[in-house]
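In my numbering, the protein residues as written are 68 to 244.
Every residue, glycine too, gets a C-beta built ideally from N, C-alpha and C.
Shown next, in structure tokens, is the structure this report addresses.
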């Protein structure tokens, strides 16, 4: 077991979850119900998007990116790194961001439920609660199920797009630099 990676990912999880929780709390404090639902959908979509990237990383091969990297195509070197580090990429995308997004979307749903059911009686409040939590679960699970097919079917395209995005960051993923 790579203890350094476990410690790194644990600390990273703590920092990301605290940051997203803070952003969610601040955003929800200053918006109406419609915007709160939009924030909820953004967290669900974030989890689905990162799940797609994690699946793409684990199902892709680096061969398709080698010739592009040799030709210095922007993002190809990063795509090779993503495939070579598929276990870490998958852990970060699926477990860290995906799980945190699920937790934050659940907490966001709880805030929405509390707002919407404020003046309702017990029976309507239960119906609203069940509906909101059921919709969150269905959108997350359904979105991730569809996303897995996309991640596998378009793994090269997805990783190249992520590689291009990573290539504009001010640091390198290549240890040779």
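Please give the ranges of any alpha helix (DSSP H) in the region 134 to 201, keeping only runs that are unbroken, at least 4 residues long and fully inside the region. 143 to 151, 153 to 157, 165 to 183
Nearest residue (CA-CA) to residue 206, options 97, 75, 73, 116: The residue labelled residue 206 in the question sits at position 139 within the chain shown. The shortest C-alpha separation from residue 206 is found at 116.
Going by the beta-carbon positions, is the gap between residue 223 and residue 127 smaller than 7 angstroms? On the chain shown, position 156 is the one that residue 223 refers to. On the chain shown, position 60 is the one that residue 127 refers to. It is a contact, given that the beta carbons lie within the stated cut-off.
Alpha carbon to alpha carbon, what distance is there between residue 91 and residue 191? Position 124 of the chain shown, counted from the start, is the residue given in the question as residue 191. Position 24 of the chain shown, counted from the start, is the residue given in the question as residue 91. Rounded to whole angstroms, residue 191 to residue 91 spans 26 angstroms at the Cα level.
Short check: CB of residue 161 to CB of residue 218, under 7 angstroms? Locating residue 161 in the chain shown gives position 94, counting from the first residue. Locating residue 218 in the chain shown gives position 151, counting from the first residue. Cβ atoms of residue 161 and residue 218: not closer than 7 angstroms.
In the DSSP assignment, find the unbroken alpha helix (DSSP H) run with residue 224 in it and report its ends. Your numbering for residue 224 matches position 157 in the chain shown. Run containing residue 224: 222 to 234, per the alpha helix (DSSP H) assignment.
Please classify residue 69: does DSSP put it in a helix, a strand, or coil? For the purposes of this step, residue 69 is taken as the residue at position 2 of the chain shown. Looking at residue 69 - three-state DSSP - the assignment turns out to be coil, as it is neither helix nor strand.
Decide if residue 86 is buried, meaning its Cβ has at least 16 other Cβ atoms within 10 Å, or exposed. Along the chain shown, read from residue 1 onward, the residue named residue 86 stands at position 19. Flag for residue 86 reads exposed.
Identity of the residue in 106, 84, 88 nearest residue 179 by Cα: Residue mapping note: residue 179 aligns to position 112 of the chain shown, counting from 1. Measuring from the Cα of residue 179, the nearest candidate turns out to be 106.
So, at 6 angstroms on beta carbons, what are the nonlocal neighbours of residue 80 in its own chain, with the 5 sequence-adjacent residues on each side left out? Taking the first residue of the chain shown as 1, we reach residue 80 at position 13. These residues qualify, in order along the chain: 163.
For residue 119, which residues of its own chain have a beta-carbon under 6 angstroms away from its beta-carbon, when the five flanking residues on both sides are left out? Residue 119 sits at position 52 when you count from the first residue of the chain shown. Excluding residues within five positions, the ones whose Cβ falls inside 6 angstroms are 214, 217, 218.
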